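Everything on this sheet refers to the single structure shown next.
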Amino acid sequence: MPGRNKENMNRIAKKFADIRKKKVKAFIVYITCGDPRLSITEKLIIEFEKRGVDMIELGVPFSDPLADGTTIQRASQRALRNKISLKDILGLVRNLRKKNVEIPLVLFSYYNPVYKYGVKKLARDLDAAGLDGVIIPDLPPEEGKILEAELARYGLDMAYLIAPTSTPQRVKMIARESDGFIYYVSRTGTTGRKKTLAKDIRQKISQIRRVTRKPVIVGFGVSNPEQVRMISGMAADGVVVGSAIIDVIEKNLGKKDLVKRTGNFVQRLVRASKQI
Amino acid sequence: MNLPDRKGYFGGFGGKFVPETLMNALDELAKEYNKVRRTKSFKEELNYYLTQYVGRPTPLYFAERLTKKLGGAKLYLKREDLCHTGAHKINNTLGQVLLARRMGKTRIIAETGAGQHGVAAATAAAMFGMTCEVYMGTEDISRQRLNVFRMKLLGAKVIPVTSGSRTLKDACNETIRDWVTNVRTTHYIIGSVVGPHPYPLIVRDFQSIIGREARRQIIKQTGKLPDYLVACVGGGSNSLGLFHPFFNDKKVKFIGVEAAGFGLKTKKHAATLIKGDIGVLHGSLGYVLQDKDGQISLAHSVAAGLDYPGVGPEHAYYKKIGRAKYTAVSDKQALQAFNLLAETEGLIPALESAHAIAYLKQLAPKVGKKKTIVICLSGRGDKDVDIVTQYAGKK
Chain A
1 MPGRNKENMN RIAKKFADIR KKKVKAFIVY ITCGDPRLSI TEKLIIEFEK RGVDMIELGV
61 PFSDPLADGT TIQRASQRAL RNKISLKDIL GLVRNLRKKN VEIPLVLFSY YNPVYKYGVK
121 KLARDLDAAG LDGVIIPDLP PEEGKILEAE LARYGLDMAY LIAPTSTPQR VKMIARESDG
181 FIYYVSRTGT TGRKKTLAKD IRQKISQIRR VTRKPVIVGF GVSNPEQVRM ISGMAADGVV
241 VGSAIIDVIE KNLGKKDLVK RTGNFVQRLV RASKQI
Chain B
1001 MNLPDRKGYF GGFGGKFVPE TLMNALDELA KEYNKVRRTK SFKEELNYYL TQYVGRPTPL
1061 YFAERLTKKL GGAKLYLKRE DLCHTGAHKI NNTLGQVLLA RRMGKTRIIA ETGAGQHGVA
1121 AATAAAMFGM TCEVYMGTED ISRQRLNVFR MKLLGAKVIP VTSGSRTLKD ACNETIRDWV
1181 TNVRTTHYII GSVVGPHPYP LIVRDFQSII GREARRQIIK QTGKLPDYLV ACVGGGSNSL
1241 GLFHPFFNDK KVKFIGVEAA GFGLKTKKHA ATLIKGDIGV LHGSLGYVLQ DKDGQISLAH
1301 SVAAGLDYPG VGPEHAYYKK IGRAKYTAVS DKQALQAFNL LAETEGLIPA LESAHAIAYL
1361 KQLAPKVGKK KTIVICLSGR GDKDVDIVTQ YAGKK
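Going down the list, the protein sequences come from chains A and B. The first sequence begins at 1 in our numbering and counts up one residue at a time. The second sequence begins at 1001 in our numbering and counts up one residue at a time.
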């Protein structure tokens, strides 16, 4: 098939092909860029790659993160105190790619900063910096067409989200529109640590699986190795943890070994995703 | 005019920029609303409550002494301050509670700034035996204490919001977070013509009773259409309610008055249409106060109900096509107008509505005695007596 050989695949496609071949699950980290400083974000990304993380979602801090719980809200506030912008994050990624960091990196941003930056310019700059895709939690496929088209020109993925409240029709439509992978939001509600997983995750993943072969990743409310292991046992291709990692960062703010401690926690989650 | 279009756009503004979790709820709401908006039984039910409970139609009052005092155009006040609960907000909350009931939702949530929408939501929920929780910024809780007390009396739970600006913007954020979590059982009553489609449409339709009545009344009283319509604009529901039924009356000019706060040259204002640029806030694309990175700015107004960095997408459209003009008056001008209306007409306006009154000082003399202006007196000012006293003390 033209365009499907390995050289033409982007980092995301290569990663999921590899994951499936090895019959393990991808472990994906979300962090807010610039929390607490951009230089620490850079070190964390390098550390995560070393610890075996498969993909990283780079959160763009936003003043009004309405899909996020208190942990990520606080992370956003810390980053905004340093006036971290989309431009800074592009610079960070450019640097990392120069240092041969090859882990797939996906921009995770609310739509307003993206809109303000300009979607045309953003697609070009994301590609130039070395990002691989975009997730926008407040941009459903109905509104995403323009950005999607711009990203496609550079072979960048626009991944959409499916929620527990998505109707079968919407599941089908989103699965069709989503590029690179599909993000399944495991529960109604905002991001953040929860004691238990939603009861219907397994069933919802199978529902998505029935309509698409694209990789499916599961996030929102996943916070410990046990939960990562449980989801890794389902038919999804990967698990995302965000708030629980930011909690560790928050607890170690100002400490010299923040990066190492966060790395230790992340490594336990990585292992859980590979023991299936 | 048949806007919004099917996707919820008013000529490029609007849409649905929300998490996927809410998309189905919005679709269902749009479907239900489209079904009932033309249904006789729904219209009759709403009309019954608007008449017997809210006290509609509200009068269109010729403010003779204010007209004389300002020495210009004839001024007619649309008396939404006489609605039950003291502001136009109840027109919308009653309609939405009736909708929510039809959709089988048992819990109501709402955001509030000045507390007028919160009180109106709590009232409608109380009357239909529904649970009601209202999110309110702690800054607003302290400046609108009377309304907090009223909401509690009405059986609503007032949830203080301490994040960000601690005003209306962050109250909206928290309400959306609640809705994302409890969407299966809960209906979110948005208080203005903002938010994702179909809210700007629904709220505009429910508030259009203001303009439909005013149009009838002014023709009856003066034999012709007015020359100007003037109303304050925060999110923009009372103004759009007044303007919309006059849309095709091309000679009737619309003027929306935003809050200039400490002044348009400062950063402390809420003049979104005048000073903002295009962006996405709380689910729709329109004008937003924001910085160069797309971070939402904090608005400021002495009037809590105008203290919001966004504005309804239909207003953005009216601005674009030149159908309405938008201007702004400062905190100080609004406070002066508050006193002016009280002294000349015995009417204590809400600080929000006082912005519309304040603009008359410029407009009425300028356009002259032959012209007629209809002003929306969107609410009464009992809630603001505390804050006005504080400002008076500072002088």
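Here a beta-carbon is modelled for each residue, glycine too, at the ideal position from N, C-alpha and C. Remember, predicted model here, so these are calculated numbers, not experimental data.
Check, Outcome
"By the three-class DSSP mapping on this structure, what secondary structure does A:GLU102 have?", "coil"
"With three or more beta-carbon pairs closer than 8 angstroms as the criterion, would you say the region 143-157 of chain A touches the region 1146-1154 of chain B?", "no"
"What three-state label does DSSP hand B:LEU1341 in the structure shown?", "helix"
"Which runs of the alpha helix (DSSP H) fall wholly inside the region 1219-1300 of chain B and span at least 4 residues, in chain order?", "1237-1243 and 1272-1275"
"Can you give the Cα-Cα distance for A:LYS251 and B:MET1136, rounded to whole angstroms?", "30 angstroms"
"Do A:ILE31 and A:LYS25 have their beta-carbon atoms positioned less than 8 angstroms apart in this structure?", "no"
"If you reduce the DSSP assignment to three classes, tell me which class A:GLY3 lands in.", "Confidence is the limiting factor: at A:GLY3 the pLDDT is only 38, short of 50, which leaves the residue's position unreliable and the question unanswerable from this model."
"Among B:VAL1161, B:GLU1352, B:ARG1102 and B:TYR1049, which residue has its Cα nearest to the Cα of B:ASP1081?", "B:GLU1352"
"In the DSSP output, which residue or residues are listed as bridge partners for A:LEU96?", "Per DSSP, none; premise fails for A:LEU96."
"Going by DSSP, which residues form a beta bridge with B:ASP1386?", "Per DSSP, none; premise fails for B:ASP1386."
"Does A:VAL222 have its Cβ less than 8 angstroms from a Cβ in chain B?", "no"
"Three or more C-beta pairs under 8 angstroms: does that hold for the region 181-193 of chain A against the region 40-52 of chain A?", "no"
"Residues of chain B with a CB under 7 angstroms from the CB of A:ALA272: which are they?", "Within chain B, no residue comes near A:ALA272; the closest Cβ sits about 26 angstroms away, beyond 7 angstroms."
"Compare the C-beta of B:PRO1004 against all C-beta atoms of chain A and say whether one is closer than 8 angstroms.", "no"
"Could you tell me the distance, in whole angstroms, from the CA atom of A:TYR160 to the CA atom of A:VAL106?", "12 angstroms"
"Just how far apart, CA to CA, sit A:ILE56 and A:GLU42?", "12 angstroms"
"First and last residue of the beta strand (DSSP E) that includes A:ARG268?", "No beta strand (DSSP E) contains A:ARG268, which is instead part of the alpha helix (DSSP H) from 258-274."
"What's the call for B:GLY1393, buried or exposed, on a 16-neighbour Cβ count within 10 Å?", "exposed"
"Should B:ASN1092 be flagged as near chain A, meaning a C-beta pair shorter than 8 angstroms?", "no"
"Roughly how many angstroms lie between the CA atoms of A:VAL259 and A:LEU197, to the nearest whole one?", "28 angstroms"
"So which residues of chain B does A:LYS121 contact, with C-beta pairs closer than 7 angstroms?", "Those do not exist, as A:LYS121 stays about 13 angstroms from chain B at its closest Cβ, beyond 7 angstroms."
"Just to confirm the assignment, what range does the alpha helix (DSSP H) spanning B:TYR1199 have?", "1199-1207"
"Strictly below 9 angstroms CB to CB, what residues from chain B border A:ILE162?", "GLU1020"
"Is the Cβ of A:VAL211 closer than 8 angstroms to any Cβ of chain B?", "no"
"If you draw a straight line from the alpha carbon of B:ILE1274 to that of B:THR1058, how long is it in whole angstroms?", "31 angstroms"
"Excluding the 5 residues flanking B:ARG1101 on each side, which residues of the same chain have their C-beta closer than 7 angstroms to its C-beta?", "PHE1128"
"Counting only C-beta atoms, is A:PRO104 closer than 8 angstroms to chain B at any point?", "no"
"Got a sec? Which residues, its chain only, sit under 6 angstroms from B:LYS1157 by beta carbon, not counting five neighbours each side?", "GLU1133"
"Say whether the region 108-127 of chain A touches the region 161-174 of chain A, bearing in mind that this needs 3 or more beta-carbon pairs closer than 8 angstroms, one atom from each stretch.", "no"
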